[in-house]
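Chemist: Residue numbers (the numbering used here), protein chains in the order written: chain A, 3 to 270; chain B, 95 to 382. There's a structure below that I have some questions on.
Here it is as structure tokens:
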């Protein structure tokens with residue numbers, strides 16, 4: 003941006019003020035994250051992890067000492083993996099169809115996806131629970147999977163469709179003209195073109211699944227995921243292992259996000 | 095001929111699996127919930143369909159306080175989000191230079207920690223003997239009986255904290271789309287910065303604010319995690335009631351009725367916004 007444009011947007015002093023303000027908000031947004039990470043290294047003696055007692059790696063060594071917390075974390079990870087695969091496939095189909103063709107039902111499909119994303123989480127959660135209650139299906143691991151796929155499909159579909167704006171149908175036709183069959187064209191032309199969108203959609207689905215609380219809580223029965231376990235533990239005090247797991251999920255997520263950004267840059 | 099048939103069916107073939115999933119587990123359940131909301135009975139004797147519409151007047155009169163409180167907290171938190179997010183989005187869009195995406199990444203960074211855990215961290219930070227108050231108390235700045243948790247302010251602060259990025263991103267996108275030449279032209283025509291902002295920049299960002307309000311207000315009103323963790327008995331929101339009725343009391347008909355009341359209120363709001371904006375813009379905004 004040139005000097006005159008910057009001047010029109012705001013002077014040097016107000017620019018400075020807004021810069022300080024922006025960093026202030028970023029600090030505020032990050033403050034709980036710092037606290038979570040720091041107190042995973044806290045040498046706390048009692049049950050309460052409230053004051054700083056000195057540095058230790060004890061909780062990293064004894065990360066899996068609380069069996070039901072460990073199984074909750076494993077549930078979260080395995081559910082997110084299954085959900086990402088299923089929602090990834092179903093959502094890609096919908097996003098691709100919406101971006102590739104104009105057909106009867108486009109409006110209905112878009113409206114359904116829009117309603118699914120815009121509806122309050124608690125509505126999706128209670129409606130699905132009402133169905134499970136009515137058909138007398140016991141809630142547990144697989145109802146969580148069903149519920150999370152239900153809210154992830156739309157996000158994958160919208161992400162895939164957004165990346166299809168530059169999709170050139172002529173490439174498919176050229177492939178056909180050169181004698182490639184439908185399946186070969188899909189594998190060699192369509193899929194590679196869609197891949198960045200699919201990867202982005204799947205990463206989003208995985209993140210939303212790991213993080214989900216409301217829809218999962220309503221449809222979980224006695225099964226616990228990591229967020230549900232943490233919520234249940236708040237009244238009694240959260241053990242430092244939770245901080246460590248939160249830290250590891252955070253670091254893992256950030257690394258994957260950075261890697262995917264770098265990869266997509268390289269492709270361009 | 096077969097090839098043509100296949101290509102005509104192709105979009106439906108691609109849509110069908112996902113579409114069926116959404117039909118069975120998203121659309122159908124909404125009707126089931128409506129049916130459940132006018133039933134009577136209890137967990138032991140079972141629930142019968144009696145078209146007992148009195149469930150609605152019952153939940154409205156019993157829980158109107160929590161309903162009003164949720165809308166009030168939602169409105170306050172949403173307005174605070176606009177006020178807090180706008181200057182930041184403005185600075186990133188116009189002064190961010192090459193680091194724009196870095197700033198956005200920093201805004202999104204907290205999302206890599208589970209929502210519940212972030213809120214628990216605030217409970218820990220704001221606790222009576224926690225990091226912030228413990229320090230303020232030992233420094234004598236606030237009294238020993240001063241507390242933040244279990245107040246409306248704590249719940250609203252938690253809501254603003256958790257949903258601020260949903261407001262910031264659409265406002266940022268609308269600011270980022272503004273043609274810099276417009277600002278230059280305004281400057282050339284001797285508009286003051288204030289005039290440039292009020293007459294050019296702000297009107298162009300109204301769609302972004304609309305989208306941000308939608309993305310913030312809907313989840314904030316129906317949130318119950320912040321009220322459970324940061325609030326006390328006086329800050330119960332409508333989501334807490336719905337959760338208790340379903341999961342603790344197993345009072346499914348009244349729980350469904352209350353959930354539908356909340357949905358109806360929010361859906362009317364969404365419909366008004368969708369008419370003003372068009373669904374496609376909203377979908378793009380929702381996808382970030």
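Every residue, glycine too, gets a C-beta built ideally from N, C-alpha and C. Since we're looking at a predicted model, the values are computed, not measured.
Can you list, in chain order, the residues of its chain whose CB lies under 8 Å from that of residue 99/B, leaving out five sequence neighbours each side?
Modeler: Annotation note: pLDDT 47 at residue 99/B (below 50); position unreliable, coordinate value reported separately. Here the set comprises nothing.
Chemist: Determine the chain A residues that contact residue 271/B at a beta-carbon separation under 9 Å, and present them in chain order.
Modeler: In chain order: nothing, as chain A lies at least about 14 Å away.
Chemist: Have a look at 201/A, 152/A and 117/A and flag the residue whose alpha-carbon is nearest the alpha-carbon of residue 85/A.
Modeler: Selected option, being the one with the closest Cα: 152/A.
Chemist: If you follow the beta strand (DSSP E) that residue 140/B is in, where does it begin and where does it stop?
Modeler: 140-143 is the span of the beta strand (DSSP E), which, as asked, contains residue 140/B.
Chemist: Tell me which residue opens and which closes the beta strand (DSSP E) that residue 134/B is part of.
Modeler: 133-136 is the span of the beta strand (DSSP E), which, as asked, contains residue 134/B.
Chemist: Looking at residue 217/B and residue 323/B, is the spacing between their C-beta atoms short of 8 Å?
Modeler: Going by C-beta atoms, residue 323/B is nearer than 8 Å to residue 217/B.
Chemist: Give the DSSP-derived three-state secondary structure of residue 334/B in the structure shown.
Modeler: Of the three classes helix, strand and coil, the one that applies to residue 334/B here is helix, per DSSP.
Chemist: Spatial neighbours of residue 153/B within its chain, please: CB distance less than 6 Å, with the 5 preceding and 5 following residues excluded, ordered by chain position.
Modeler: Excluding positions up to five away in sequence, the list reads 348, 351 and 352.
Chemist: For chain B, is any of its Cβ atoms less than 8 Å away from the one on residue 7/A?
Modeler: Its pLDDT being 49, under 50, residue 7/A is placed unreliably by the model, and nothing is read from it.
Chemist: What are the uninterrupted segments assigned as beta strand (DSSP E) that are 3 or more residues long and contained completely in the stretch 107-132 of chain A, given in chain order?
Modeler: As far as the stretch 107-132 of chain A is concerned, it has no whole beta strand (DSSP E) run of at least 3 residues.
Chemist: State buried or exposed for residue 29/A, treating a residue as buried only when at least 16 other CB atoms are found within 10 Å of its CB.
Modeler: Flag for residue 29/A reads exposed.
Chemist: Using a 10 Å radius around the Cβ and a threshold of 16 neighbouring Cβ atoms, would you call residue 55/A buried or exposed?
Modeler: Classification of residue 55/A: exposed, given that the 10 Å Cβ count is below 16.
Chemist: Whose C-alpha, out of 111/B, 115/B and 357/B, is nearest the C-alpha of residue 127/B?
Modeler: Checking every option, the nearest Cα to that of residue 127/B belongs to 357/B.
Chemist: Report buried or exposed for residue 95/B, applying the criterion of at least 16 other Cβ atoms within 10 angstroms of its Cβ.
Modeler: Because the pLDDT of residue 95/B is 39, which lies under 50, any placement of that residue in the model is unreliable, and the question is left without a value.
Chemist: Counting only beta-carbon separations shorter than 8 Å, does residue 135/B have a partner in chain A?
Modeler: Closer than 8 Å: no.
Chemist: Got a sec, what are the start and stop residues for the alpha helix (DSSP H) residue 201/B sits in?
Modeler: Element bounds for residue 201/B: 194-202.
Chemist: Under 8 Å between beta-carbons, which chain B residues line up against residue 128/A? List them in chain order, please.
Modeler: Near residue 128/A (Cβ distances below 8 Å), the residues of chain B are 127, 336, 340, 349, 350 and 353.
Chemist: Does the beta-carbon of residue 162/B have 16 or more other beta-carbons within 10 angstroms, so that it is buried, or is it exposed?
Modeler: Burial call: exposed.
Chemist: Would you list, in chain order, the members of the stretch 194-224 of chain A that have their beta-carbon closer than 8 Å to a beta-carbon of chain B?
Modeler: So the list reads 209, 212, 213, 215, 216, 219 and 220, given in the order they occur along the chain.
Chemist: Out of 332/B, 345/B, 339/B and 354/B, state which residue places its alpha-carbon closest to the alpha-carbon of residue 159/B.
Modeler: Closest option to residue 159/B, Cα to Cα, is 332/B.
Chemist: Relative to the C-alpha of residue 268/B, which candidate in 288/B, 165/B and 184/B has its C-alpha closest?
Modeler: The candidate whose alpha carbon is nearest that of residue 268/B is 184/B.
Chemist: Would you mind telling me which residues of chain A sit closer than 9 Å to residue 363/B, beta carbon to beta carbon, in chain order?
Modeler: Those within 9 Å of residue 363/B in chain A number zero; the least Cβ separation is about 10 Å.
Chemist: What is the residue span of the alpha helix (DSSP H) that residue 12/A lies within?
Modeler: No alpha helix (DSSP H) contains residue 12/A, which DSSP labels as neither H nor E.
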